[in-house]
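Residue numbers (UniProt numbering): 1 to 253.
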């Protein structure tokens, strides 16, 4: 009996990709003895009308002036109830998390670094991370769906390792029926590191009027001139002046 068609492989927008389905002999020994020659794999072309994409938000500037440290916990989810096909508990595993903290202009590139905690700042406040789904040689997972690294042929993560002769672009593994999440990612802020960017506020000034209830008083502070954060791009949201109304005795007529 044929399996269901696989998810789309190497299909980009309206450029055709490939789907594969397989079957096995009920009695492999009998089939080998009878020299059966039926095909055990079929392929067909497919076209994606739509590929789900991450929601794009405009790059609003980060106005934080302090650095923050976060703890990040990755919990792999690969139960038999959600993924019964080819489920093999003795081979399922996850590799170390690989990630980077970056800004909007950074294109995430995998580097040989792992992290269970990370620090963000005004300039580096976005996080990207991936992990490999073992035993597949070229499947990884990110926030929205699994990804095929395009190095091996086939749709089974535990199938024979057949290198792709022409390497394909890294692409999401999508299908008409999206699978349940492969993992939970929990991010918790554990520390805010004060950078001591400014001097404390000065004392309040004298009231702007000598009598009456329409006065204003002010106090100011300055950024530390020798701090690396003092430039035109950093901490523009840090208030350097505060005002409040002041009330004096009624003016004499």
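A virtual CB, placed ideally from N, CA and C, is assigned to each residue, including glycine.
Start-to-end residues for the beta strand (DSSP E) that takes in residue i
i, result
"residue 102", "98–102"
"residue 132", "126–134"
"residue 242", "241–246"
"residue 119", "117–120"
"residue 72", "67–76"
CA-to-CA distance, residue j to residue i, given in whole angstroms
i, j, result
"residue 219", "residue 127", "38 Å"
"residue 190", "residue 71", "6 Å"
"residue 75", "residue 120", "22 Å"
"residue 125", "residue 239", "21 Å"
"residue 210", "residue 250", "9 Å"
"residue 129", "residue 199", "37 Å"
"residue 243", "residue 67", "28 Å"
"residue 255", "residue 222", "Residue 255 lies beyond the stretch modelled for the chain, which goes from 1 to 253, so this question has no answer here."
"residue 101", "residue 77", "24 Å"
"residue 3", "residue 182", "22 Å"
"residue 80", "residue 93", "14 Å"
"residue 39", "residue 147", "28 Å"
"residue 208", "residue 248", "10 Å"
"residue 73", "residue 186", "5 Å"
"residue 192", "residue 201", "21 Å"
"residue 245", "residue 214", "7 Å"
"residue 216", "residue 205", "9 Å"
"residue 20", "residue 44", "7 Å"
"residue 42", "residue 24", "12 Å"
"residue 22", "residue 69", "48 Å"
"residue 103", "residue 118", "14 Å"
Three-state secondary structure assigned by DSSP to residue i
i, result
"residue 201", "coil"
"residue 217", "strand"
"residue 255", "Here the chain has residues from 1 to 253 only, and residue 255 is not among them."
"residue 212", "coil"
"residue 92", "coil"
"residue 81", "coil"
"residue 23", "coil"
"residue 38", "coil"
"residue 184", "strand"
"residue 250", "coil"
Residue environment, residue i, which counts as buried when at least 16 other CB atoms sit within 10 Å
i, result
"residue 133", "buried"
"residue 99", "buried"
"residue 131", "buried"
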